[in-house]
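Visitor: Numbering (our numbering), first residue to last: 19 to 498.
Built from N, CA and C at the ideal position, the CB exists for glycine as well.
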RNA sequence: GUCCCCUUCGUCUAACGGUUAGGACACUGGCUUUUCAAGCCAGCGAUACGAGUUCGAUUCUCGUAGGGGAUACCA
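#1: I need the DSSP call for residue 136, collapsed to helix, strand or coil.
#2: Which residues mark the beginning and the end of the beta strand (DSSP E) in which residue 167 is found?
#3: How would you write the range of the alpha helix (DSSP H) that residue 235 sits in, first residue to last?
#4: According to the Cβ coordinates, are residue 25 and residue 219 closer than 9 Å?
#5: Say whether the stretch 58-65 touches the stretch 104-115, bearing in mind that this needs 3 or more beta-carbon pairs closer than 8 Å, one atom from each stretch.
#6: Roughly how many angstroms lie between the CA atoms of residue 387 and residue 399, to the nearest whole one?
#7: Does the stretch 140-150 come within contact of the stretch 73-93, defined as at least 3 CB pairs closer than 8 Å?
#8: Count the other CB atoms, across all protein chains shown, that sit within 10 Å of the CB of residue 464; report buried if there are 16 or more and exposed otherwise.
#9: Identify every run of the alpha helix (DSSP H) within the stretch 414-438, keeping only runs that are complete inside it and at least 4 residues long; order them along the chain.
#10: Less than 9 Å separating the beta-carbons of residue 236 and residue 177?
#11: In terms of alpha-carbon separation, which member of 462, 73, 494 lies closest to residue 480?
#12: Give me the Cβ distance between residue 376 and residue 351, rounded to the nearest whole Å; I'm assuming they're in contact under 8 Å.
#13: What alpha helix (DSSP H) runs, 4 residues minimum, are completely inside the stretch 85-113?
#14: Assuming residue 118 is part of the beta strand (DSSP E), what are its boundary residues?
#15: On the DSSP letters alone, give me the boundaries of the beta strand (DSSP E) that residue 251 sits inside.
#16: Which whole-angstrom value describes the C-beta separation of residue 258 and residue 325, a residue pair presumed to lie in contact below a C-beta threshold of 8 Å?
#17: Helix, strand or coil for residue 204? Go by DSSP, reduced to three states.
#18: Take residue 428 and list the residues in its own chain whose beta-carbon comes closer than 7 Å to its own, dropping the five residues that flank it on each side.
#19: Measuring straight from C-alpha to C-alpha, what distance separates residue 153 and residue 211?
#20: Which of the three DSSP states, helix, strand or coil, is assigned to residue 196?
#21: Secondary structure at residue 295, three-state DSSP: helix, strand or coil?
#22: Go through its chain and collect everything with a Cβ distance to residue 22's Cβ below 7 Å, but skip five positions before and after it.
#23: So residue 323 packs on residue 253, CB below 8 Å; how close in whole Å?
#24: Among 290, 280, 369, which residue has its Cα nearest to the Cα of residue 255?
#25: List the endpoints of the continuous beta strand (DSSP E) containing residue 188.
#26: On a Cα-Cα basis, can you pick out the residue from 34, 77, 49, 81 that is closest to residue 68?
#27: In angstroms with no decimal places, state the Cα-to-Cα distance between residue 401 and residue 306.
#28: What three-state label does DSSP hand residue 301 in the structure shown?
#29: Starting from residue 178, follow its DSSP beta bridges and name the residues at the other end.
#30: Within 10 angstroms of the Cβ of residue 391, are there 16 or more other Cβ atoms? Answer buried if so, exposed if not.
#31: Give me, in chain order, the residues of the same chain whose beta-carbon lies closer than 6 Å to that of residue 420; leave out the 5 immediate sequence neighbours on both sides.
What follows is the structure, given as structure tokens:
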């Protein structure tokens, strides 16, 4: 196998944050590179001086890093490569493949309008056959030239797309687009070809919105006499309503998801599932390594996919549950730090420091550790007396009827100095037996008294971890 | 207007031209009597439409409808 090394790239323009569509495109490139042992290049397409900003450049890097998509080359800025584009543009000028055009876009639009063309009718070829005299006349007027590619008028241009299969365009539909702007900057359509070729990109995997630019790109490759890379166009990501995904659907910036408690691995997992599947059955929850080993360009779908926030939440919850205890501890400690919750030596609980205590709580939480937004509420009552008492839960469970039960339980625990989960269970059962009621009749109000809600981990474990003295205190408080 | 792409449950998707069209999310119901946003089980639910090719079309072809993209001196 002396195959050329596979090389792919992600080439965003720094004109906004890293959005889910871009992230998904980046991910497919990254997964493919990692899968086949190729190289992944990050290139910033900042040829539009008006719209490119340093902030979005930084935002894109942060997004890539958060998602763990490391690149082997770059970030390469196109604005650093102006000389290179000029060199190749000059070659094409010499052969006449690039010709100067002195029409402003306003003039082109005005002519199109006068000719009764539609809004978006393209360039009309006005300057295509300018004579030397005409050129110097324009120059004499002080007009600046932009350079257009002389595209073939007849025949068709086609390629075999990795995702879409054969794609073919009539050449007459491809107008002479600007390659070099009056300010000397190349347009995207020129720079992308020069860079992909010079950087040795073997597979151009990009968004579906570039399909109709591809024939033009192919013509540039041809004009330069260069071999073409392979192309694969990923379908777009739609909003839940089937329309193009936008802010009005909710979060679209990758960083917003980070803020919302989505795990990087979960985001990557969900994004991978949008337009790709491992085939067969299963819930689609994959660790990063599994994604890499399972990924295949052949399984990339050709139809657009709707972004489903609910499914993302599900994937996220699955990743949260499967986190290593050490990682759960880290997340929990962050919540504690943020709220100023520390460990108190006076608590009679089976732990001797906060990490130890949290580890026990995490174990008891089990599969309930599935939503970072709920984590603060799930931890609060272990650390403070200032936890939320849910109105409805209190109204239904802490009544004049339940007060004596809680009091009796408090007495029992105090008398027995109950400590372990087993002893807590024994205390509840003893009180229940004594009163000839079901344990549940005590457990439910006790849960509200201790946690403020009707949902929690197993009561005996919770009681044990909150600790005898605090349990007694809360039971007494709730029975007043 | 023109060019191009797309179309399987509400959503993401699976299915060498031959399957009771499978799975996952969501939803609904049940179980779990120590609750639950945790767990388990079940149910609901799709091949856009119309032709054609074929013994047989989700699958191949054409048309229609719907959606999307491009038509920039944005990418």
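Guide: Working from what's here:
#1: Reading the first chain from its first residue, position 118 is the one you call residue 136. Here residue 136 sits in coil by DSSP.
#2: Start at 1 with the first residue of the first chain, and residue 167 comes out as number 149. Here the beta strand (DSSP E) through residue 167 covers 164-167.
#3: What you label residue 235 is simply residue 217 of the first chain in a count that begins at 1. Per DSSP, residue 235 belongs to the alpha helix (DSSP H) from 232-242.
#4: Here the question's residue 25 lines up with position 7 in the first chain. Here the question's residue 219 lines up with position 201 in the first chain. Taking 9 Å as the Cβ cut-off, residue 25 and residue 219 qualify as a contacting pair.
#5: no
#6: Start at 1 with the first residue of the first chain, and residue 387 comes out as number 369. Start at 1 with the first residue of the first chain, and residue 399 comes out as number 381. Using only the alpha carbons, I get a separation of about 16 Å.
#7: no
#8: What you label residue 464 is simply residue 446 of the first chain in a count that begins at 1. Per the 10 Å Cβ criterion, buried.
#9: 421-434
#10: Counting from 1 along the first chain, the entry for residue 236 is found at position 218. Counting from 1 along the first chain, the entry for residue 177 is found at position 159. Closer than 9 Å, so yes.
#11: The residue you call residue 480 lines up with position 462 of the first chain. Among 462, 73, 494, the Cα nearest to that of residue 480 belongs to 462.
#12: As a working note, residue 376 is residue 358 in the first chain. As a working note, residue 351 is residue 333 in the first chain. Rounded, the Cβ-Cβ distance is 7 Å, consistent with contact.
#13: 100-112
#14: Within the first chain, the letter at position 100 stands for residue 118. 116-119 is the extent of the beta strand (DSSP E) around residue 118.
#15: Position 233 of the first chain, counting from 1, holds the residue named residue 251. Segment 248-252, the beta strand (DSSP E) holding residue 251.
#16: Taking the first chain and counting its residues from 1, one reaches residue 258 at position 240. Taking the first chain and counting its residues from 1, one reaches residue 325 at position 307. Going by Cβ atoms, the distance from residue 258 to residue 325 rounds to 7 Å, so yes, they are a contact pair.
#17: The residue you call residue 204 lines up with position 186 of the first chain. In the structure shown, residue 204 sits in a strand (DSSP, three-state: E or B).
#18: The count along the first chain starts at 1 and reaches residue 428 at position 410. Counting only Cβ-Cβ distances below 7 Å, and skipping sequence neighbours, we find 490, 493, 494.
#19: In the first chain, the residue the question calls residue 153 occupies position 135. In the first chain, the residue the question calls residue 211 occupies position 193. Each residue's Cα considered, the two are about 28 Å apart.
#20: Within the first chain, the letter at position 178 stands for residue 196. If DSSP states are grouped into helix, strand and coil, residue 196 belongs with the strands.
#21: Your numbering for residue 295 matches position 277 in the first chain. Correct three-state label for residue 295: coil.
#22: Here residue 22 refers to the residue found at position 4 when the first chain is read from its first residue. Excluding residues within five positions, the ones whose Cβ falls inside 7 Å are 220.
#23: For the purposes of this step, residue 323 is taken as residue 305 along the first chain, with counting starting at 1. For the purposes of this step, residue 253 is taken as residue 235 along the first chain, with counting starting at 1. Contact flag correct, Cβ pair sits at about 7 Å.
#24: The residue labelled residue 255 in the question sits at position 237 within the first chain. For the residues 290, 280, 369, the minimum Cα distance to residue 255 belongs to 290.
#25: Taking the first residue of the first chain as 1, we reach residue 188 at position 170. Looking at the DSSP string, the run of the beta strand (DSSP E) that includes residue 188 is 183-188.
#26: Residue numbering aside, residue 68 sits at position 50 when the first chain is read from its first letter. Of 34, 77, 49, 81, the residue nearest in Cα terms is 34.
#27: Counting from 1 along the first chain, the entry for residue 401 is found at position 383. Counting from 1 along the first chain, the entry for residue 306 is found at position 288. Rounded to whole angstroms, residue 401 to residue 306 spans 35 Å at the Cα level.
#28: Counted from its first residue, the first chain places residue 301 at position 283. Residue 301: coil per DSSP, three-state reduction.
#29: Here residue 178 corresponds to residue number 160 of the first chain, with the count starting at 1. Answer is 184, bridged to residue 178.
#30: The residue given as residue 391 occupies position 373 in the first chain. When all chains shown are included, residue 391 counts as exposed.
#31: Stepping through the first chain from its first residue, residue 420 is reached at position 402. Only 463 meet the Cβ criterion.
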